[in-house]
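Engineer: Here's a structure for you.
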Amino acid sequence: MTTTTRQATRRMSLLDTAFVNVETRDTPMHIGGLQIFSLPPNAPPDFVKNIVRRFRNTAKVGRPFNMKLEKTLWARIAPSMIVVDDDRIDLSYHVRHSALPDPGGERELGELVSHLHSQLLDRSRPLWTCHVIEGLQNNRFAIYSKMHHALADGISAMRLSARALSTEPDGEWFPAWEHREPTHKRKRTHDQARTVAAKLTAREWPQIMKQAFQPMFKREPGSESVLRPFEAPPSILNGEVTCARRVATQQLDMERMKRVAKAAGGSLNDVFLAVCSSALRRHLQSQNALPDRSLIAGVPVSLREAGDDSMSNAIGFLWAALGTELSDPKERFAAIRASMEVSKNHLKSLPQQARIAFTLLTSMPTALVLMSGLGAKVRPPMNLTISNVPGPEHILYLNGAKLEATFPISIPVQGQALNITCVSYAGQLNVGFTGSRDSLPGLQKMAVYAGEALTELETVFGVIPA
């Protein structure tokens, strides 16, 4: 039986609490990552096995990998995390060693990762697992890891993953869960929702609400305005989801995307959204399921202050019209750019307290729909989430094995059967498409369409490939 250090208890934020409470068998609330490595030259036959052995032989496990949910009478209302003693953490359970069947291609890897991502984490243990997978074609191996979203958001998970690798082939590396003394004093963090509510007086709240939300409801004819929740059209993306997941991946060259952004007069994120829009449009058209109105994407924004390297979630949402009803790629790009510009300019115009209040409160409709279990039965707050997570700029290594790609794998939920998340790494944008297997057949085709969409944008904006 697992014992715990009861003195080390962490109160959970409102957002982290929501991630715990909305989890069901059909909606696991963990985020994942898939790393692809190439074996170093002259690697011995037991190279991968030795990495697994090192992963399991960790004397001291650090946070958040040593934290599990505390069992209390009020856990449903106010869940909390407690630290598990090192000698009670079974790393042979948390670190798994697998091998792909022949021929060990992308198909076999995708099927295994899709299966692993469908399974709930064991709440009686620390909420993470790591699967080291060998037998991948072309002298490669993979690592698939997952962690409950209550422990970390995408940015935190990326930091945890990257810090364990080295920038040189012969550099120091260690398991991401190994406890390391911090090299600098961590900034004390807090639950921003509770902090904002506590600091504002009853007299200040009306003014803050007016600043934050008036642009949503004061609309000038013929002009772009800040999108509101529940303006998304019904679509096949917004039905019921089951526990089975499907994962697809795509790599996009960032230099190509930057050249398109420059030619089109937009940002790299605008180009990424346009790529997603084109892929979504083609996929839905192939299913005879393209809505007449634009799909609406929720675009997460970080609420972290400078120097905040905490693990807890600190995100809000903006809404972006994807222009999927438009057949012309240039018109779609212009619609996306205009929609994002309005949302970002509105956010920038707000004082800090109003900005945090706006992003947190506009996230509440989605959280309430999730917690009610009615996501597939009511009008969706948004059609899907599209997220862009900054990653390492330089090539990384694991015991000399080069990290070729790192793909994020996220969370479909009731009423949102698809999540698209990308991570930048060493000049590439690594895109993960995570969908409900039963709701969205042929998800791999959407990933292929995304690659073709970048070529289409280069053509229409006159960008000559390097």
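Under full-length UniProt numbering, think of the first position of the sequence shown as 1, with each following residue one higher.
Glycine included, C-beta positions come from ideal geometry on N, C-alpha and C.
(1) From the DSSP output, in three-state form, read off I411 for me.
(2) Pull up the distance between the alpha-carbon of L326 and that of L237, whole angstroms please.
(3) Measuring only the C-alpha atoms, how far is S349 from V342?
(4) Provide the residue span of the alpha helix (DSSP H) that contains E452, from first to last.
(5) Rounded to whole angstroms, how far is the Cβ of Y397 from the Cβ of S166, which I believe are closer than 8 Å?
(6) Rounded to whole angstroms, how far is the Cβ of S239 from the Cβ of A417, which I believe are closer than 8 Å?
(7) Identify, in the order they occur along the chain, each residue of the same chain with its Cβ nearer than 8 Å to the Cβ of P221, setting aside the five sequence neighbours on each side.
(8) Would you kindly work out how many angstroms separate the C-alpha atoms of R337 and D270, rounded to a whole number?
(9) Should S156 be labelled buried (16 or more other beta-carbon atoms within 10 Å of its own) or exposed?
(10) Which residues bound the beta strand (DSSP E) around E255?
(11) Just how far apart, CA to CA, sit T17 and H30?
(12) Confirm, please, whether the CB-CB distance from S98 to H131 is below 9 Å.
(13) So for F47, helix, strand or coil by DSSP?
(14) Going by DSSP, what residue range makes up the beta strand (DSSP E) through T385?
(15) According to DSSP, simplified to helix, strand and coil, what is S145?
(16) Where do the ends of the beta strand (DSSP E) carrying I133 lie?
(17) Note down the Cα distance separating T324 from E255, rounded to an integer number of angstroms.
(18) Let me check understanding here. Comparing Cα to Cα, which of N399, T9, A401, L429 lies closest to P64?
(19) What residue does the beta strand (DSSP E) around K68 start on, and which one ends it?
(20) Mind checking which residues open and close the beta strand (DSSP E) that includes I236?
(21) Please state if the CB of L120 and the CB of L69 are separated by a distance shorter than 9 Å.
(22) Counting only the same chain and skipping the five closest in sequence on each side, list residues whose C-beta sits under 8 Å from that of A447.
Structural biologist: The short version:
(1) coil
(2) 18 Å
(3) 11 Å
(4) 443–460
(5) 5 Å
(6) Correcting the residue type first, residue 239 is Gly in the shown sequence and not Ser. Yes, G239 and A417 are in contact; Cβ-Cβ is about 6 Å, under 8 Å.
(7) Note that P221 scores 48 on pLDDT, short of 50, meaning its location in the model is unreliable; the coordinates nonetheless yield the value given after this. So no residue of the chain qualifies.
(8) 6 Å
(9) buried
(10) It is not in any beta strand (DSSP E) - E255 instead sits in the alpha helix (DSSP H) that spans 254–264.
(11) 13 Å
(12) yes
(13) helix
(14) 384–389
(15) strand
(16) 128–136
(17) 25 Å
(18) T9
(19) 67–69
(20) Premise fails: I236 is in no beta strand (DSSP E) and is neither H nor E.
(21) no
(22) A248, T249, Q250, A279, V431, F433
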